[in-house]
Amino acid sequence: MIAYENDNLVIPERYQNMSLLEIEEEKRKLLQEINSTERIKREPKKNKNNIVFY
1 MIAYENDNLV IPERYQNMSL LEIEEEKRKL LQEINSTERI KREPKKNKNN IVFY
């Protein structure tokens, strides 16, 4: 992440009051939650001449 001098970084109050260990634990929980959700897998294109723009 790059921060410039005019950027306003907003940190929620609950994270400001956490220790480093608590923040690491919260990060681990969020990553586990994100990785546990099922992702939609796209099928490979059958005919590469038919291009579909989304």
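First residue of the sequence shown: 1, per the working numbering; consecutive thereafter. We put the beta carbon where it would ideally sit given N, CA and C, even for glycine.
Practice task
May I have the straight-line CA-CA distance separating I11 from F53, to the nearest angstrom?
Solution key: Walking along the sequence shown from the start, residue 11 turns up at place 11. Walking along the sequence shown from the start, residue 53 turns up at place 53. I11 and F53 have their C-alpha atoms spaced approximately 37 Å apart.
Practice task
Alpha carbon to alpha carbon, how far is N35 from D7? Give it in angstroms, no decimals.
Solution key: Here residue 7 is taken as the residue at index 7 of the sequence shown, counted from 1. Here residue 35 is taken as the residue at index 35 of the sequence shown, counted from 1. So the alpha carbons of these two residues sit roughly 30 Å apart.
Practice task
Would you kindly work out how many angstroms separate the C-alpha atoms of M18 and E5, rounded to a whole number?
Solution key: Within the sequence shown, residue 18 is the residue found at index 18, counting from 1. Within the sequence shown, residue 5 is the residue found at index 5, counting from 1. Going by the C-alpha atoms only, they are around 25 Å apart.
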